[in-house]
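The letter at position 234 of the sequence shown is residue 296 when you use the working numbering, and the numbering goes up by one with no holes. Quick reminder that beta carbons are idealized off the backbone N, C-alpha and C, glycines included.
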Amino acid sequence: MPVVTTQYRKNNKINTQNKETYMESQRSFLIIGLALVSFLLWQQWQKEYGPQPVQQVQTEQAEQVSQGVPSFDDAQSEDVPTGDSVPAAKPMASASNANRIIEVKTDGLDLRIDLLGGDVITADLLKFPVTQGSEEPYSLLRSGNNLYVAQSGLIGANGPDASSSGRPVYRTDSNFYEMTGDTLEVPLVWKNDQGLTVTKTFIFKKDHYNVAVNYTVQNNSGAAANVQQYAQLKQVIDAEDDGNMFMPTYRGAAYSTEDDRYQKYTFDDIADDKLRETTKAGWAGMLEHYFVSAWVPPQDQVNTIYSRNISNQYAVIGVLMPAAVVNTGETKTLSSTLYMGPKDQGKLVQIARGLDLTVDYGILWWISQPLFSLLTFLHSLVNNWGVAIILITIVVKGAMYWLTKKQYESMARMRNLAPKMQQLKDRFGDDRQKMSQSMMELYKKEKVNPMGGCLPLVLQMPIFLALYWVLMESVELRHADFALWITDLSVKDPYFVLPILTGASMYLLQKLQPTTITDPMQQKIMQFMPVAMSVFFLWFPAGLVLYWLVSNIITLVQAKMIYASMEKRGIK
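Dropping the structure here:
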């Protein structure tokens, strides 16, 4: 009996040491997680309460901006790019005219176009309300203090935007255009005294957010005319952002070149350095959480992507297209495309290479895109995004079951080596080098991988992170209904039921793997983890919390199955 008792105590001691080793790994992950959360908290505090740069704006310029009028000041950066040998546009006289703004309405867009320059100064997305159930549409482009406009024009030696009198004022036959068929054309006309006529035409199509912008240059001046098309997006830097520390989103510029399909270019980057990339094809855009605006030049020519900072108040990114010569008596058309709408991957990929990457899945885009395709397929079957999230979580967790099983079985094999590990520790405990060598030999002899318990977890993490970004970035989930009180999967649970259930599921998972930690502080940390995560989940979008809850429930079921299988094979 004493021999049995001694052996039992010895085995219990070995199991305790083994579990403590396992818990050491868990504590490492916990420390990393807490460090990340602390960094996010500090980052949010800096954003909310940290020192902000002082911005000085001239009264005259502020008044122009409030009216949605582009500002020009030779002492600062100009709105209009100068090209290679064209003088900068001069300050223009006041051009306040109530009839200068025209309205264009399609099935999906409600625009205001300023006849001064022909800029799009507001763009309301009629199919996307600001809040669920609201009649107010989401404003992607906007004038006023929160300025965000799409500008374009013709510079060059004879370009109307390079005139010494300032940007051109176009004429049009009506101040209101509405789509009644499949297409709508809005022509703006400018003429000068030398016989040069420029017709800037916006061409809209039904069910499309991409607008063709064509410049038809008719030259009857008696001499060749040199013009160069530019198109840019201008946005105030200090604007509200809908992201937060619990759901970070990107607001800023982005562009594409032949060598780099998608590259972010933050407002800080624009302030620090002027971008100038010459490339075939390419595009330039401004991004928000679910929406994007972008200028896409003809993809068969060499263009220049550029940026500029205006008075540390406005950020500009745009495309400068090749110069063109229109001989006298000739008519030539220059074109580009303006996209203003949701980040719809299926439509964006058809407009330009890399434009679909504005749905920013980060470095895991190559995993996220197939997962998104699977999610949309499941939605087509059930017609409910919440149910589709549940189904894709089941599919992914089911596909990863063999890795989960491998993880638990590897941990079991490590436990079976505990007696031999203890013998090595008793023999070489004071000699770390010999102890390490002996352990490696033991692992090799028994064909056990000491990282076998962690490796499956490492392999699963990219997949679950990729799915996380799919659920956070997909505009399809914006205002998507699920069931009962969850009427919008893109915002937090109004009654916090899902976060509480998720915390409870984490607690059950924790209890499923009891530990023998005796340190009171470590015990409190581990017990506090489900509570802490539940607090974080309070601000997470309901779709993400639903995914996490279902994932935890599936993990509980899988763990029970694996434990039962191991018991049958005599593995404790």
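Task: Close-in-space but distant-in-sequence residues of the same chain around Thr261 (CB under 6 Å, 5 per side omitted) - done: As a position in the sequence shown, residue 261 is number 199, starting the count at 1. Taken in chain order, the residues that qualify are Pro249, Val251, Thr278.
Task: Span of the alpha helix (DSSP H), counted from its first residue to its last, around Phe439 - done: As a working note, residue 439 is residue 377 in the sequence shown. Run containing Phe439: 427-444, per the alpha helix (DSSP H) assignment.
TODO: Tell me the start and end of each unbroken alpha helix (DSSP H) in the region 176-228 that is at least 4 residues and wholly inside, in chain order.
DONE: none
Open item on the list: If you reduce the DSSP assignment to three classes, tell me which class Arg48 lands in.
Closed with: What is shown of the chain runs 63 to 634, which leaves residue 48 out entirely.
- [ ] Tell me, please, whether the region 412-419 touches the region 317-334 by the rule of three or more beta-carbon pairs shorter than 8 Å.
- [x] yes
Open item on the list: Pull the bridge partners of Trp345 from the DSSP assignment, please.
Closed with: Translated into the one-based positions of the sequence shown, residue 345 becomes position 283. Looking at the DSSP assignment, Trp345 forms a beta bridge with Ser318.
Open item on the list: Can you give me the C-alpha to C-alpha distance between Phe558 and Gln495, rounded to a whole angstrom?
Closed with: Taking the sequence shown and counting its residues from 1, one reaches residue 558 at position 496. Taking the sequence shown and counting its residues from 1, one reaches residue 495 at position 433. Taking the straight line joining both Cα atoms gives about 53 Å.
Task: Buried/exposed call for Val131, threshold 16 Cβ in 10 Å - done: As a working mapping, residue 131 is identified with position 69 in the sequence shown. Caution applies to Val131, whose pLDDT of 31 falls short of 50 and renders its modelled position unreliable; the value that the coordinates give is listed next. The residue in question, Val131, is buried, as its Cβ has 16 or more Cβ neighbours within 10 Å.
Open item on the list: Distance check for Ile525 and Ile94, CA to CA, integer angstroms please.
Closed with: On the sequence shown, residue 94 is found 32 positions in, with the first residue counted as 1. On the sequence shown, residue 525 is found 463 positions in, with the first residue counted as 1. Its pLDDT being 46, under 50, Ile94 is placed unreliably in this model, and the value from its coordinates should be taken loosely. Whole-angstrom Cα-Cα distance: 19 Å.
Open item on the list: For the beta strand (DSSP E) containing Ala377, name the first residue and the last one.
Closed with: Start at 1 with the first residue of the sequence shown, and residue 377 comes out as number 315. Unbroken beta strand (DSSP E) run through Ala377: 376-388.
Open item on the list: Please tell me whether Ser369 and Leu337 are closer than 7 Å, where the distance is taken between their beta carbons.
Closed with: For this step, residue 369 is matched to residue 307 along the sequence shown. For this step, residue 337 is matched to residue 275 along the sequence shown. In contact: Ser369 and Leu337 (Cβ atoms closer than 7 Å).
Open item on the list: Please return the same chain residues whose Cβ sits closer than 8 Å to the Cβ of Gln407, not counting the five positions on each side in sequence.
Closed with: Here residue 407 refers to the residue found at position 345 when the sequence shown is read from its first residue. Taken in chain order, the residues that qualify are Asp418, Val421, Gln431, Phe434.
TODO: List the whole-angstrom C-beta distance separating Leu400 from Val275, where the pair is believed to meet the contact cut-off of C-beta under 8 Å.
DONE: Looking up residue 400 in the sequence shown gives position 338. Looking up residue 275 in the sequence shown gives position 213. Between Val275 and Leu400 the Cβ distance is about 6 Å, and since that is below 8 Å, they are a contact.
TODO: Output the boundary residues of the alpha helix (DSSP H) element that contains Ser627.
DONE: To locate residue 627, count along the sequence shown from 1; it is residue 565. Start and end: 604-630.
Open item on the list: Taking only three categories from DSSP, how would you classify Asn254?
Closed with: Residue 254 sits at position 192 when you count from the first residue of the sequence shown. Coil at Asn254, not helix or strand.
Task: Three-way DSSP call (helix, strand, coil) for Trp531 in this model - done: Along the sequence shown, read from residue 1 onward, the residue named residue 531 stands at position 469. Correct three-state label for Trp531: helix.
Task: Among Ala285, Gly284, Tyr376, Gly180, the one whose alpha carbon lies nearest that of Thr328 - done: As a working note, residue 328 is residue 266 in the sequence shown. Measuring from the Cα of Thr328, the nearest candidate turns out to be Tyr376.
- [ ] Please state if the CB of Val607 and the CB of Leu533 are separated by a distance shorter than 7 Å.
- [x] On the sequence shown, residue 533 is found 471 positions in, with the first residue counted as 1. On the sequence shown, residue 607 is found 545 positions in, with the first residue counted as 1. Not closer than 7 Å, so no.
Open item on the list: Is the separation between the beta-carbon of Ile429 and that of Ala528 shorter than 7 Å?
Closed with: The residue you call residue 429 lines up with position 367 of the sequence shown. The residue you call residue 528 lines up with position 466 of the sequence shown. A contact, by the Cβ cut-off of 7 Å.
Task: Reference Gly206, options Ile183, Phe590, Ala219, closest by Cα - done: Position 144 of the sequence shown, counted from the first residue, corresponds to residue 206. Among Ile183, Phe590, Ala219, the Cα nearest to that of Gly206 belongs to Ile183.
Task: For Glu350, three-class secondary structure by DSSP - done: Numbered from 1 along the sequence shown, position 288 holds the residue referred to as residue 350. In this structure, Glu350 counts as coil in the three-state DSSP scheme.
Open item on the list: For Val449, report the span of its beta strand (DSSP E) as first-last.
Closed with: Along the sequence shown, one-based indexing puts residue 449 at 387. Not the beta strand (DSSP E): Val449 falls in the alpha helix (DSSP H), residues 447-461.
Open item on the list: Using the three-state DSSP reduction, which class does Asp488 fall into: helix, strand or coil?
Closed with: Counted from its first residue, the sequence shown places residue 488 at position 426. Asp488 falls in the helix class under three-state DSSP.
Task: Exposure label - Lys622; buried when at least 16 CB within 10 Å - done: Indexing the sequence shown from 1 puts residue 622 at position 560. Label assigned to Lys622: exposed.
- [ ] Buried or exposed for Val444, please, with buried defined as at least 16 other CB atoms from any protein chain shown within 10 angstroms of its CB.
- [x] Locating residue 444 in the sequence shown gives position 382, where the first residue counts as 1. The residue in question, Val444, is exposed, as its Cβ has fewer than 16 Cβ neighbours within 10 Å.
Task: Of the listed residues Asn371, His541, Thr245, nearest to Ile332 (C-alpha basis) - done: Within the sequence shown, the letter at position 270 stands for residue 332. Ile332 has its Cα closest to that of Asn371, out of Asn371, His541, Thr245.
Task: Inter-residue Cα distance where the pair is Gln126 and Val458 - done: On the sequence shown, position 64 is the one that residue 126 refers to. On the sequence shown, position 396 is the one that residue 458 refers to. With a pLDDT of only 35 at Gln126, under the threshold of 50, the placement of this residue in the model should not be trusted, and no figure is reported.
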